[in-house]
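Have a look at the structure below before the remarks.
4 protein chains.
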Amino acid sequence: MTKKIIGVFGPGNVSEADDEWQAAASVGQQLARRDCVVLTGGLGGIMTAASKGAREAGGITIGILPGTRISSPANSYVDIPVFTGMGEARNAINVKSCDAAIAIGGEYGTLSEIALALKAGCPIVLFNSWSLTPFGGRGLPGPLIASSPEEAVAMALTAAANE
Amino acid sequence: MTKKIIGVFGPGNVSEADDEWQAAASVGQQLARRDCVVLTGGLGGIMTAASKGAREAGGITIGILPGTRISSPANSYVDIPVFTGMGEARNAINVKSCDAAIAIGGEYGTLSEIALALKAGCPIVLFNSWSLTPFGGRGLPGPLIASSPEEAVAMALTAAANE
Amino acid sequence: MTKKIIGVFGPGNVSEADDEWQAAASVGQQLARRDCVVLTGGLGGIMTAASKGAREAGGITIGILPGTRISSPANSYVDIPVFTGMGEARNAINVKSCDAAIAIGGEYGTLSEIALALKAGCPIVLFNSWSLTPFGGRGLPGPLIASSPEEAVAMALTAAANE
Amino acid sequence: MTKKIIGVFGPGNVSEADDEWQAAASVGQQLARRDCVVLTGGLGGIMTAASKGAREAGGITIGILPGTRISSPANSYVDIPVFTGMGEARNAINVKSCDAAIAIGGEYGTLSEIALALKAGCPIVLFNSWSLTPFGGRGLPGPLIASSPEEAVAMALTAAANE
Numbered sequence: 016m017t018k019k020i021i022g023v024f025g026p027g028n029v030s031e032a033d034d035e036w037q038a039a040a041s042v043g044q045q046l047a048r049r050d051c052v053v054l055t056g057g058l059g060g061i062m063t064a065a066s067k068g069a070r071e072a073g074g075i076t077i078g079i080l081p082g083t084r085i086s087s088p089a090n091s092y093v094d095i096p097v098f099t100g101m102g103e104a105r106n107a108i109n110v111k112s113c114d115a116a117i118a119i120g121g122e123y124g125t126l127s128e129i130a131l132a133l134k135a136g137c138p139i140v141l142f143n144s145w146s147l148t149p150f151g152g153r154g155l156p157g158p159l160i161a162s163s164p165e166e167a168v169a170m171a172l173t174a175a176a177n178e
Numbered sequence: 016m017t018k019k020i021i022g023v024f025g026p027g028n029v030s031e032a033d034d035e036w037q038a039a040a041s042v043g044q045q046l047a048r049r050d051c052v053v054l055t056g057g058l059g060g061i062m063t064a065a066s067k068g069a070r071e072a073g074g075i076t077i078g079i080l081p082g083t084r085i086s087s088p089a090n091s092y093v094d095i096p097v098f099t100g101m102g103e104a105r106n107a108i109n110v111k112s113c114d115a116a117i118a119i120g121g122e123y124g125t126l127s128e129i130a131l132a133l134k135a136g137c138p139i140v141l142f143n144s145w146s147l148t149p150f151g152g153r154g155l156p157g158p159l160i161a162s163s164p165e166e167a168v169a170m171a172l173t174a175a176a177n178e
Numbered sequence: 016m017t018k019k020i021i022g023v024f025g026p027g028n029v030s031e032a033d034d035e036w037q038a039a040a041s042v043g044q045q046l047a048r049r050d051c052v053v054l055t056g057g058l059g060g061i062m063t064a065a066s067k068g069a070r071e072a073g074g075i076t077i078g079i080l081p082g083t084r085i086s087s088p089a090n091s092y093v094d095i096p097v098f099t100g101m102g103e104a105r106n107a108i109n110v111k112s113c114d115a116a117i118a119i120g121g122e123y124g125t126l127s128e129i130a131l132a133l134k135a136g137c138p139i140v141l142f143n144s145w146s147l148t149p150f151g152g153r154g155l156p157g158p159l160i161a162s163s164p165e166e167a168v169a170m171a172l173t174a175a176a177n178e
Numbered sequence: 016m017t018k019k020i021i022g023v024f025g026p027g028n029v030s031e032a033d034d035e036w037q038a039a040a041s042v043g044q045q046l047a048r049r050d051c052v053v054l055t056g057g058l059g060g061i062m063t064a065a066s067k068g069a070r071e072a073g074g075i076t077i078g079i080l081p082g083t084r085i086s087s088p089a090n091s092y093v094d095i096p097v098f099t100g101m102g103e104a105r106n107a108i109n110v111k112s113c114d115a116a117i118a119i120g121g122e123y124g125t126l127s128e129i130a131l132a133l134k135a136g137c138p139i140v141l142f143n144s145w146s147l148t149p150f151g152g153r154g155l156p157g158p159l160i161a162s163s164p165e166e167a168v169a170m171a172l173t174a175a176a177n178e
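Residue numbers (our numbering), protein chains in the order written: chain A, 16 to 178; chain B, 16 to 178; chain C, 16 to 178; chain D, 16 to 178.
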């Protein structure tokens, strides 16, 4: 049986002292305990925190890197690095390869992953992330909003089970 | 001398009766008159409207298509179709290839282009498009906001001149 | 410690009765026994044979797919499917993500992977595959040529160890 | 009416003194005179020669670049630069966007374009380029072989007219 692959997306410029780092580490850990593979962009900040949490709980981690093994090596908690050499366009691969995803915090790279996930039909849960309002309040199906790391994991697993 | 390339981004499901179509056609026309090349995603809705406006004003139009010439042919106002075969990942190419861009209306594909533009440092002007609020109000440099098609063109040209 | 990732490339239109299928299955098995992760394009033929061989020997298998989980599902021996949605352009990802690779048989997709591997500096071993002659006999560093599946595996592992 | 887009592919490390440079410049010139748009990889060597030849004959030139406008600027004979930021994976875009293509000389990047063209069904003409032999002499439909720049252009135009 194939394991579920859950993405954890977020900015690279978050450090261990930040709340978002702790949230991402907790999310990674919980996902690994539920027997999910954790997929990230393979770099620092949220991507490292989630991979580290998953690794420490015995999980498998994938990193989809923007560059090559020379230009953008994976963080040391990535078991399986995939080097795309295509920059931010790799964000489209991230969302296509997950059963569901969780975005934590976020700058513009994360915003593009949220948008690409919604476009691709990949269920996406936001925790302390972007607030989005389409012009004219059009009724687009939006992201799920979680109020804790635990709720984010629960929402993502439920959505992934329905895929 | 190389002409400036200005992107016009927006959803494919807009029809000629919609205000956004008229805005996109006007933007395309104004850009062509200012001797800019108009770059779009090459499909329908806003992409057709902007290309049509530019073509009718004697401009050159490029379309960066998500599929192949069989699966996703360009609209008939695209002079130079580029077939990427890479789906929404082509949005990353759109923003890298423009001197500046204008987003009109927008669903999630457009939102991803806005985010990728801001990430890549491509100046982007929004007209009747998304309202974005990062969590915690972090001071990210945001998009430019225009209140008319004319202002959108003026802002994009000023930004492109400074590139 | 990160495991070595070895690619196995070859055409999708090979069936179990073909010699190349048996060679690919043997290569996959040997690589898994040497504790390597086996990376393929995730589809049929050589890609299925190599993944099946690796899986049966207890190894981990990755598939880098050209489409989405709907349009191009992975074969059932892929543990970790990565859906790129970018068609043959995904071949460039395959070669960037391997420590070394083995090509078996091959049509034009495989030829592109051989060329992209040589361009990217990924060591590539050919078994019963293309014969390539540059115009004018220019002294380009070429692929390694193996005369058996065993030799192909030995050559790939030696090359990967030197990466 | 849309103009035909013809690709000219070849290595970047060819200089003006080389026969291949002269052949590429001649091919570019002839294509422009026949009212074709010339598409290249946008960099040096054959790509510059073909674009220069086309430009001097009054043609339009497109360059599909591997990087960004900072990392890989287009040569000065490219009218419309498209920046993909995806490295050699952009070769897959080149072949999808042409009605037919001509390869002149060539190292491994060019070989990948030849292979991707044959895979994608883009007619490709070789002049002083690779000699390819599939294992076991399988009857794959191969590239067209020209013995002069003039013949290469004639073959490409005939193939493009049948597309």
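Heads up, the beta-carbon is just placed ideally off N, CA and C, and yes, glycines get one too.
Quick check: what's the CA-CA separation for D/Asn109 versus A/Glu31?
Counting from one through the fourth sequence, the residue named residue 109 of chain D turns up at place 94. Counting from one through the first sequence, the residue named residue 31 of chain A turns up at place 16. Taking the straight line from one Cα to the other gives about 43 Å.
Mark B/Ile90 as exposed unless 16 or more other C-beta atoms lie within 10 angstroms of its C-beta, in which case mark it buried.
Taking the first residue of the second sequence as position 1, residue 90 of chain B is located at position 75. The identity of residue 90 of chain B in the sequence shown is Asn, whereas the question assumes Ile. Classification for B/Asn90: buried.
Tell me whether the beta-carbon of C/Gly60 lies closer than 8 Å to the beta-carbon of C/Gly27.
In the third sequence, residue 60 of chain C corresponds to position 45, counting from 1. In the third sequence, residue 27 of chain C corresponds to position 12, counting from 1. A contact, by the Cβ cut-off of 8 Å.
Whose Cβ in chain C lies nearer than 7 Å to the Cβ of B/Gly100?
What you label residue 100 of chain B is simply residue 85 of the second sequence in a count that begins at 1. Simply Met101, Gly102 and Ala104.
Quick check: is the beta carbon of C/Gly191 nearer than 8 Å to any beta carbon in chain D?
Only positions 16 to 178 of chain C appear in the structure, and residue 191 of chain C is not among them; the question remains open.
Let me confirm a value: A/Leu80 is counted as buried when at least 16 other C-beta atoms fall within 10 Å, else exposed. Which label applies?
Stepping through the first sequence from its first residue, residue 80 of chain A is reached at position 65. With 16 or more other Cβ atoms within 10 Å, it is buried.
Examine chain A for any beta-carbon lying closer than 8 Å to the beta-carbon of B/Trp145, and answer yes or no.
Taking the first residue of the second sequence as position 1, residue 145 of chain B is located at position 130. Taking Cβ atoms only, chain A reaches closer than 8 Å to B/Trp145, which makes this a yes.
Beta-carbon of D/Ser112 versus every beta-carbon of chain B: anything under 8 Å?
The sequence position of residue 112 of chain D within the fourth sequence is 97, counting from 1. Yes, D/Ser112 counts as interfacial toward chain B.
D/Met16 to A/Cys51, Cα distance in whole Å?
Within the fourth sequence, the letter at position 1 stands for residue 16 of chain D. Within the first sequence, the letter at position 36 stands for residue 51 of chain A. Residue placement at D/Met16 is poorly supported in this model, since its pLDDT is 48, which falls under 50; the coordinates still yield a value, given next. Cα-Cα distance, rounded: 53 Å.
So who's on the other strand from A/Leu80, going by DSSP bridges?
Looking up residue 80 of chain A in the first sequence gives position 65. In DSSP, A/Leu80 forms a bridge with A/Phe98.
Give the range of the alpha helix (DSSP H) segment to which D/Ile129 is assigned.
Counted from its first residue, the fourth sequence places residue 129 of chain D at position 114. First-last of the alpha helix (DSSP H) with D/Ile129: Tyr123 to Ala135.
Mind checking A/Glu94: buried by the 16 CB within 10 Å criterion, or exposed?
As a working note, residue 94 of chain A is residue 79 in the first sequence. Per the sequence shown, the amino acid found at residue 94 of chain A is Asp instead of Glu. The residue is buried, with at least 16 neighbouring Cβ atoms inside 10 Å.
Which residues bound the alpha helix (DSSP H) around B/Gly68?
Translated into the one-based positions of the second sequence, residue 68 of chain B becomes position 53. Residues Ile61 to Glu71.
Determine the chain C residues that contact A/Arg97 at a beta-carbon separation under 8 Å, and present them in chain order.
Sequence index remark: in the first sequence, residue 97 of chain A carries index 82 (1-based). Correcting the residue type first, residue 97 of chain A is Val in the shown sequence and not Arg. Ordered by position in chain C, the residues that pass the 8 Å Cβ test against A/Val97 are Ile77, Ile79, Val97, Ile108 and Ser112.
Look up A/Ser146 in the DSSP assignment and say whether it is helix, strand or coil.
Taking the first sequence and counting its residues from 1, the one referred to as residue 146 of chain A is at position 131. In the structure shown, A/Ser146 sits in a strand (DSSP, three-state: E or B).
Could you tell me which chain A residues have their CB closer than 8 Å to the CB of C/Val168, listed as they occur along the chain?
Residue mapping note: residue 168 of chain C aligns to position 153 of the third sequence, counting from 1. Those do not exist, as C/Val168 stays about 20 Å from chain A at its closest Cβ, beyond 8 Å.
When DSSP builds the beta bridges, which residues end up paired with D/Val54?
On the fourth sequence, position 39 is the one that residue 54 of chain D refers to. Just to set this straight, residue 54 of chain D is Leu in the shown sequence, not Val. Partner(s): D/Gly22 and D/Ile77.
Going by Cα to Cα distance, which pick from B/Val23, B/Asp34, B/Leu58 and B/Trp36 is closest to B/Ala47?
For the purposes of this step, residue 47 of chain B is identified with residue 32 of the second sequence, where counting begins at 1. Answer by Cα proximity: B/Val23.
Any Cβ of chain E within less than 8 Å of the Cβ of C/Phe150?
Protein chains in the displayed structure are A, B, C and D, and chain E is not among them.
Check whether the Cβ atoms of A/Leu159 and A/Met170 lie closer than 8 Å to each other.
In the first sequence, residue 159 of chain A corresponds to position 144, counting from 1. In the first sequence, residue 170 of chain A corresponds to position 155, counting from 1. Cβ atoms of A/Leu159 and A/Met170: closer than 8 Å.
Taking only beta-carbon atoms, is C/Ser86 less than 8 Å away from chain D?
Here the question's residue 86 of chain C lines up with position 71 in the third sequence. No, no contact with chain D.
Once the 5 residues before and after D/Trp36 are set aside, which same chain residues still bring their CB inside 8 Å of it?
Residue numbering aside, residue 36 of chain D sits at position 21 when the fourth sequence is read from its first letter. Correct list, in chain order: Val29, Ser30, Gly60, Ile61 and Ala64.
At the level of alpha carbons, what is the spacing between D/Pro88 and C/Ala135?
Counting from one through the fourth sequence, the residue named residue 88 of chain D turns up at place 73. Counting from one through the third sequence, the residue named residue 135 of chain C turns up at place 120. Answer to the nearest angstrom: the Cα atoms are 20 Å apart.
Buried or exposed, going by whether 16 or more other CB atoms sit within 10 Å of the CB of C/Ile21?
Taking the first residue of the third sequence as 1, we reach residue 21 of chain C at position 6. Classification of C/Ile21: buried, given that the 10 Å Cβ count is 16 or more.
Report the rounded CA-to-CA distance for C/Ser144 versus D/Leu126, giving the unit in angstroms.
Against the third sequence, residue 144 of chain C aligns to sequence position 129. Against the fourth sequence, residue 126 of chain D aligns to sequence position 111. For C/Ser144 and D/Leu126, the distance between alpha carbons rounds to 15 Å.
Under 7 Å Cβ-Cβ, which residues of chain B neighbour A/Ala130?
By 1-based counting over the first sequence, the position of residue 130 of chain A is 115. The contacting residues are Tyr123, Leu126, Ser127 and Ala130.
Cutting at 7 Å between CB atoms, please list the residues of its own chain near B/Ala72, excluding the five before and the five after it.
For the purposes of this step, residue 72 of chain B is taken as residue 57 along the second sequence, with counting starting at 1. Excluding sequence neighbours, B/Ala72 sits near Gln44, Ala47 and Arg48.
Got a sec? Which residues, its chain only, sit under 6 Å from C/Ala115 by beta carbon, not counting five neighbours each side?
To locate residue 115 of chain C, count along the third sequence from 1; it is residue 100. Excluding sequence neighbours, C/Ala115 sits near Ile21, Pro138, Ala171, Ala174 and Ala175.
So A/Leu131 and A/Asn106 are supposed to be a Cβ contact under 8 Å. How far apart are they, rounded?
The residue you call residue 131 of chain A lines up with position 116 of the first sequence. The residue you call residue 106 of chain A lines up with position 91 of the first sequence. About 6 Å separates the two Cβ atoms, so the contact holds.
Contact check, C/Ala104 vs D/Ala104 under 8 Å by CB: the rounded distance?
By one-based count along the third sequence, residue 104 of chain C stands at place 89. By one-based count along the fourth sequence, residue 104 of chain D stands at place 89. 4 Å between Cβ atoms; contact.
Applying a beta-carbon distance threshold of less than 7 Å, which residues of chain D neighbour C/Gly43?
If you number the third sequence from 1, residue 43 of chain C lands on position 28. Here the premise fails: no neighbours, minimum Cβ distance about 19 Å.
Run through the DSSP bridge pairs and tell me what A/Leu46 is partnered with.
Position 31 of the first sequence, counted from the first residue, corresponds to residue 46 of chain A. Paired residues: none, contrary to the question.
CB-CB under 8 Å to D/Lys18, same chain, minus the five flanking residues each way: which ones, in chain order?
Here residue 18 of chain D refers to the residue found at position 3 when the fourth sequence is read from its first residue. Closer than 8 Å at Cβ, skipping near neighbours: Asp50, Cys51, Val52 and Ile75.
Please classify B/Ile85: is it buried, with 16 or more other beta-carbons within 10 angstroms of its beta-carbon, or exposed?
As a working note, residue 85 of chain B is residue 70 in the second sequence. It is exposed - the Cβ of B/Ile85 has fewer than 16 other Cβ atoms within 10 Å.
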